[in-house]
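A quick write-up on the structure given underneath.
Number of protein chains: 2
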Amino acid sequence: MKEGRHVTIKMVADKAGVSKSTVSRAIGNYPDISDKTKEKIFSVMKELNYYPSAIARSLANRISKNVGLVLPADDDFFLNPFFQESLRIISKTASSRGYDVLIAYNGDNETRSVERLVKANKVDGVIMMRSVVQDPTIEYLRDSNFPFVLIGKSIDYSSVHSVDTDNVDACKTLTKKLIDSGCKKIAFIGGDKNSVVTIDRFNGYVKTIEENGMKLNKDLIQENEFSSMNGYRSIEKILKNDSSIDGIVITDALIFSGVMDYINNHKSYETGESSIKIKVIGTFGTGNFQQNPDIEIINVDVDSKILGEKSCNTLIDLLEGKDVEMTQIVDYKISNIN
Amino acid sequence: MKEGRHVTIKMVADKAGVSKSTVSRAIGNYPDISDKTKEKIFSVMKELNYYPSAIARSLANRISKNVGLVLPADDDFFLNPFFQESLRIISKTASSRGYDVLIAYNGDNETRSVERLVKANKVDGVIMMRSVVQDPTIEYLRDSNFPFVLIGKSIDYSSVHSVDTDNVDACKTLTKKLIDSGCKKIAFIGGDKNSVVTIDRFNGYVKTIEENGMKLNKDLIQENEFSSMNGYRSIEKILKNDSSIDGIVITDALIFSGVMDYINNHKSYETGESSIKIKVIGTFGTGNFQQNPDIEIINVDVDSKILGEKSCNTLIDLLEGKDVEMTQIVDYKISNIN
DNA sequence: CTGAAAGCGCTTACAG
DNA sequence: CTGAAAGCGCTTACAG
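One line per chain: the protein sequences are A and B, in this order.
Numbering-wise (the UniProt record's numbering), the first sequence opens with residue 1 and increments by one.
Numbering-wise (the UniProt record's numbering), the second sequence opens with residue 1 and increments by one.
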């Protein structure tokens, strides 16, 4: 299938009249080589269209120049703009530093896919996107002392390299904004309640509600999964419990989109009237620019690009033996959308 | 960083009292091994927690057990649900057949990222998602005789393995449905006009319009990029040219979402009235379930899962020397959404 | 049914 | 500044 014959370092060496060692050193850009032979070698490499085999190199060096990207197994995750932006930037960053990205999944309570990659030496390190409480993959990686960095926070383990937004603080600030805007009854709709992100944001919400002398009401709180369907159903339930809410805090772009769908669909098209009294929605990411002139939208932008870029650079720094901080916090931005 | 010492085939052999060859054969599940030694070897492997090095294996076999997934470089692509679903299923399929997925990009007129993967022997074959006219990556892959399969159609080259929906036919059927629903003036909003998908769908639209004695009107046609912003702006432009259109054909979920945003935002919230007279929208994927009681939505479902799965299986079949068809067409489904 | 040996294509002490 | 040799961890004819 492939070209008849792969050109190897030996062929380059022969043609250039030097040894394999010398060619290897030329490629590796070692200092102690005469410019003359170096030039000769490079010209032969070009002529022969030579490319070192990454595989052979890996075996000799015991490094693969691959990083594994571990994705959550739930389908919804892939619909999240956060994932998309991160994947792209991680891939770019890795590539700029000479690494490639290999995909792996983090199934429910199963680490096999990651374990296979690690044990088979297919990756040098791993980036994990989103973790749950007592994440088995984290436990496995930590126990086998394998280099990895987590996008997000590890609740259970302290000695984990991580890049995260301060989600508790972000959600406190966000909730406070709703209160400052005059909201008296603020609902909360979150994703998977085992997800660390959801937990942090929920805590921020709770603290702010309590600190401001409002009472926490279970009927106004929904936590399910990271999907627009969840948003749609959650807001429906909440409104059934109490139609007088005037604000909502939402933890995720997909959920937000489901909530907006619900609201837009439940306005009378005849009269333009709506029984929905929501004045302000605070959310983490909107996904697209759905609007509604009656509702103020406050968005927390967690900067998935910086998170992705930092996680990747941190991992590679780690692999290259550089000093890295254990925990890095990336700023968030809050802004009004309409 | 890693565990003190990696366990190798040699250590297993020694402990089991056999040679490396025999261990290798046991792993490879060769027939000619006595059950006794096989058992012995497996128990030692378990005991030592041995895992063969994929790297060493690759070097010996000259295969990497990796497939490259080549993604378009434009950011918008990543927001497309089609991409997300495909990535997931491709990854699953590859994994079930013992392969891993490596990400690569197909930059504007540049094949470097793919070329590097191929030349460095990091992948055995490549899956390309979406191609443009005279795609340089396709040319490179074909010229170097490297195994690959294209999701989509190759306009320029016939001897390319591909898995595709019949987009011309699908868009003909779709457009005809709008006509049957009574539409008299049907606009068209498409993505990048160099993209083969867009071209095919546009052709389907054009043919149907002409076959039904309607006249093609440039003012009603917009082709730009695969983004919701494009949808928003395109519908705005078209309506400015002619506010009497009563149907639209849209080639992409993101574009659709932008169009719906526009329509929902340009209805008077006071009176519920709208100057927009669109009765039916035909689209390829909706992304989410945005609705509008005034508008009938007809969706073509291109089944990205089957496309992803087939492309991956075809590639691996190819790598394993099985017979595969050059072109495979996957059925689409048309259904009314509301 | 099993082992010794050569080979996959690199890198890297070691010696000069 | 350069080369010969050993090694990375496997596989696979070849011989028995």
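Think of the CB as a built atom: it goes at the ideal place given N, C-alpha and C, for glycine as much as any other residue.
Within-8 Å CB hit, residue i to chain B
i         : result
Tyr105(A) : yes
Leu141(A) : no
Lys181(A) : The sequence shown places Ser at residue 181(A), not Lys. With 8 Å as the cut-off, Ser181(A) does not count as an interface residue toward chain B.
Leu59(A)  : yes
Ser91(A)  : yes
Test: residue i CB closer than 8 Å to a CB of chain A
i         : result
Ser96(B)  : no
Val168(B) : no
Ala253(B) : no
Leu178(B) : no
Within chain A, partners of residue i - CB distance below 8 Å
i         : result
Lys119(B) : Tyr51
Per-residue burial, residue i [other beta carbons within 10 Å of its own, 16 or more giving buried]
i         : result
Gln134(B) : exposed
Arg62(B)  : exposed
Thr327(A) : exposed
Ser64(B)  : buried
Tyr30(A)  : exposed
Glu225(B) : buried
Lys172(B) : buried
Pro293(B) : exposed
Leu216(A) : exposed
Lys333(A) : exposed
Asn66(A)  : buried
Gly125(A) : buried
Ala60(A)  : exposed
Asn145(B) : exposed
Ser43(A)  : exposed
Glu320(A) : exposed
Gly231(B) : buried
Asn121(B) : buried
Lys36(B)  : exposed
Asn106(B) : buried
Ser34(A)  : exposed
Glu325(B) : exposed
Gly68(B)  : buried
9 Å Cβ cut-off: residues of chain B touching residue i
i         : result
Leu102(A) : Asn66, Asp100, Val101, Leu102 and Ile103
Contacts of residue i in chain B (Cβ-Cβ under 7 Å)
i         : result
Lys122(A) : Ala54 and Asp100
Ser113(A) : Ser95
Three-way DSSP call (helix, strand, coil) for residue i in this model
i         : result
Thr271(A) : Model confidence at Thr271(A) stands at a pLDDT of 49, short of 50, so the residue's coordinates are unreliable and nothing is read from them.
Gly282(B) : strand
Tyr232(B) : helix
Val197(A) : helix
Ile90(B)  : helix
Asp301(A) : strand
Val101(A) : strand
Met45(A)  : helix
Asn224(A) : coil
Met128(A) : strand
Ile276(B) : coil
Lys333(B) : strand
Thr208(B) : helix
Any non-hydrogen atom of the ligand COA within 7 Å of residue i CB
i         : result
Gln134(A) : Ligands in the displayed structure: none, and consequently the ligand COA is not present.
The stretch 148–159 of chain A touching the stretch 306–326 of chain A, judged by at least three CB pairs closer than 8 Å: yes
Touch test, the stretch 175–195 of chain B against the stretch 213–225 of chain B, Cβ-Cβ under 8 Å, three pairs minimum: yes
If contact is defined by three or more beta carbon pairs under 8 Å, each pair taking one atom from either stretch, is the stretch 7–26 of chain B in contact with the stretch 40–50 of chain B? yes
So, does the stretch 249–267 of chain A touch the stretch 191–210 of chain A, judging by three or more C-beta pairs under 8 Å? yes
With three or more C-beta pairs closer than 8 Å as the rule, is the stretch 92–99 of chain B touching the stretch 79–97 of chain A? no
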